[in-house]
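Enquirer: One structure coming up, written as structure tokens, with questions to follow.
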Amino acid sequence: MKKLLFLAILLASMSLDNVSISAEKQHKHDSKGMEQVMDHFILDQFSDEMKQAVTDFYKKDSVTFQYNWWDKNYDVVEIKQSEKGRELSHPYIIKFTVKTYDGNKRGQLGTDTITFGVSPLQFNKDLDEKNLAASNVELLNYSHGEPSKGK
């Protein structure tokens, strides 16, 4: 009887060794999900520069801007990289398309495109080398478009 009990305990312990444990859900980002994450990251990084550009263009502090992710006529964030054979004025050109509003009157002022030239740290040895995100950012163009109808 003792041998049978020992054998049962041994078999039970061996089967416990093979129990696999995993997270409830695996999080997988597809390319569209990763693009959205990067767009939000870039928008966060450039929010001060965009606010300054909008304020300078409209000459008032009450102007606000929003993003229309669902408009299929444009991308909210577009990035171009300078390459051999396709050199740009900066290593990266980042273009944002935003809807601008008069904060006091709540009326839409336009659908505007703000373009920045960006030179990261590796191209700017004069910037603080401890700041991993250090970049030289230059406003290249502010293009005002008329407000969208019906939105």
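Counted the way mature numbering (1 follows the signal peptide of the UniProt record, and there is no 0) counts, the sequence shown spans residues -22 to -1, 1 to 129. Even for Gly, the Cβ is constructed at its ideal location relative to N, Cα and C.
#1: Beta strand (DSSP E) containing S113: first to last residue?
#2: Within the same chain, show all residues whose beta-carbon is closer than 7 Å to that of L66, passing over the 5 residues directly before and after it, in chain order.
#3: On a CA-only basis, which of E13, W48, M12 and V54 is nearest S25? Give me that one, please.
#4: What's the gap between the Cα of R84 and the Cα of S40?
#5: Name the two residues that bound the continuous beta strand (DSSP E) containing V41.
#6: Does DSSP put D80 in a helix, a strand or coil?
#7: So who's on the other strand from Q59, going by DSSP bridges?
#8: Quick one, which of D34, D80, T42 and N46 has its alpha-carbon nearest H18's?
#9: For N119 and I72, I'd like the C-alpha separation in whole angstroms.
#10: How about T42 and G81: do their beta carbons lie closer than 8 Å?
#11: Look up S(-8) in the DSSP assignment and say whether it is helix, strand or coil.
#12: Give a yes or no on whether the C-beta atoms belonging to V76 and I92 are separated by under 8 Å.
#13: Measuring alpha carbon to alpha carbon, tell me which residue in K37, M16 and L87 is nearest residue 164.
Expert: For this structure:
#1: Along the sequence shown, read from residue 1 onward, the residue named residue 113 stands at position 135. Where S113 is concerned, the enclosing beta strand (DSSP E) stretches over S113 to S121.
#2: What you label residue 66 is simply residue 88 of the sequence shown in a count that begins at 1. Closer than 7 Å at Cβ, skipping near neighbours: K58 and S60.
#3: Counting from 1 along the sequence shown, the entry for residue 25 is found at position 47. It is V54 whose Cα lies nearest to the Cα of S25.
#4: Your numbering for residue 84 matches position 106 in the sequence shown. Your numbering for residue 40 matches position 62 in the sequence shown. The alpha-carbon atoms of R84 and S40 are separated by roughly 10 Å.
#5: For this step, residue 41 is matched to residue 63 along the sequence shown. Here the beta strand (DSSP E) through V41 covers V41 to Q44.
#6: As a working mapping, residue 80 is identified with position 102 in the sequence shown. The answer is strand: DSSP assigns D80 an E or B state.
#7: Working through the sequence shown from its first residue, we reach residue 59 at position 81. Q59 pairs with Y70.
#8: Within the sequence shown, the letter at position 40 stands for residue 18. Residue N46 is the option with its Cα nearest to H18.
#9: Locating residue 119 in the sequence shown gives position 141, counting from the first residue. Locating residue 72 in the sequence shown gives position 94, counting from the first residue. So the two alpha carbons sit approximately 11 Å from each other.
#10: As a first step, residue 42 is located in the sequence shown; it is residue number 64 there, counting from the start. As a first step, residue 81 is located in the sequence shown; it is residue number 103 there, counting from the start. Cβ atoms of T42 and G81: closer than 8 Å.
#11: To locate residue -8, count along the sequence shown from 1; it is residue 15. In this prediction, S(-8) has a pLDDT of 46, which is less than 50 and means its spatial position is unreliable; what the coordinates show is noted afterwards. In this structure, S(-8) counts as helix in the three-state DSSP scheme.
#12: Here residue 76 is taken as the residue at index 98 of the sequence shown, counted from 1. Here residue 92 is taken as the residue at index 114 of the sequence shown, counted from 1. Contact: yes.
#13: Any question about residue 164 goes unanswered here, given that the chain covers just -22 to 129.
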